[in-house]
Amino acid sequence: MVRLKWQDIRFAARTLVVDAFNAKTASRRTVPICEAALMWLRPYKGREGRIWARTDAYWSKSLHRLHQQVKVRQQPNGLRHSYISYRLTLTGDVNRTALEAGNSPAMIHSHYHALVEDPAMASKWFEVGLEEDGKVVRAIAG
Numbered sequence: 009m010v011r012l013k014w015q016d017i018r019f020a021a022r023t024l025v026v027d028a029f030n031a032k033t034a035s036r037r038t039v040p041i042c043e044a045a046l047m048w049l050r051p052y053k054g055r056e057g058r059i060w061a062r063t064d065a066y067w068s069k070s071l072h073r074l075h076q077q078v079k080v081r082q083q084p085n086g087l088r089h090s091y092i093s094y095r096l097t098l099t100g101d102v103n104r105t106a107l108e109a110g111n112s113p114a115m116i117h118s119h120y121h122a123l124v125e126d127p128a129m130a131s132k133w134f135e136v137g138l139e140e141d142g143k144v145v146r147a148i149a150g
């Protein structure tokens, strides 16, 4: 997140482009963006520069504070691991998920295969968004 720029988000294509410079694996990849994420990002369409303009340390500190406020135990790279687990459940495709995540298929299979058994729960993870009144955040716990 801290390396990405607003220009990396392709709203029309509903994708995020992680170029080789920003990827830890030094390879370019394209990641689909779910509808809920697009909903959160659309108000910022047209912005330029880095998405997270602060330091890596401030990002980590902010996430830590958020976890404390909502009383959820923080996991290193928890959002990434959750994304991969739920995405693999939805697609059922280790190779595709590996490409999107910038990992090898072997890594995806050994670390994420069958962690999420309920496709409905996987779908809900990608639906975090606003209720119709635009005021209430809808989220899942589990």
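Every letter in the sequence shown is one number past the one before it in the working numbering, and letter 5, counting from 1, is 13. Glycine included, every Cβ here is placed at the ideal spot set by N, Cα and C.
{"Query": "So who's on the other strand from G54, going by DSSP bridges?", "Result": "Answer is none; G54 lacks a bridge partner."}
{"Query": "Mark T105 as exposed unless 16 or more other C-beta atoms lie within 10 angstroms of its C-beta, in which case mark it buried.", "Result": "buried"}
{"Query": "Hey, I59 and K132 are a contact pair by Cβ (cut 8 Å); roughly how many whole angstroms apart?", "Result": "So it is not a contact: roughly 25 Å between Cβ atoms."}
{"Query": "Pick from R22, R18 and E125: whose alpha carbon is nearest that of R55?", "Result": "R18"}
{"Query": "What are the uninterrupted segments assigned as alpha helix (DSSP H) that are 4 or more residues long and contained completely in the segment 67-128, given in chain order?", "Result": "86-99, 102-109 and 113-120"}
{"Query": "Starting from the C-beta of H15, find all residues in its chain whose C-beta is less than 7 Å away, skip the five residues before and the five after it, and write them out in chain order.", "Result": "According to the sequence shown, residue 15 is Gln rather than His. Only E56 meet the Cβ criterion."}
{"Query": "Could you spell out where the beta strand (DSSP E) holding L24 opens and where it closes?", "Result": "T23 to V26"}
{"Query": "Under 7 Å, do T23 and P40 count as touching if we go by C-beta distance?", "Result": "yes"}
{"Query": "Can you tell me whether Y66 is buried or exposed? The criterion is at least 16 other CB atoms within 10 Å of its CB, across all chains shown.", "Result": "exposed"}
{"Query": "Kindly list the residues whose CB is nearer than 8 Å to the CB of V26, restricted to its own chain and excluding five residues on each side of it in sequence; keep chain order.", "Result": "L12, D16, R36, R37, T38, V39 and G110"}
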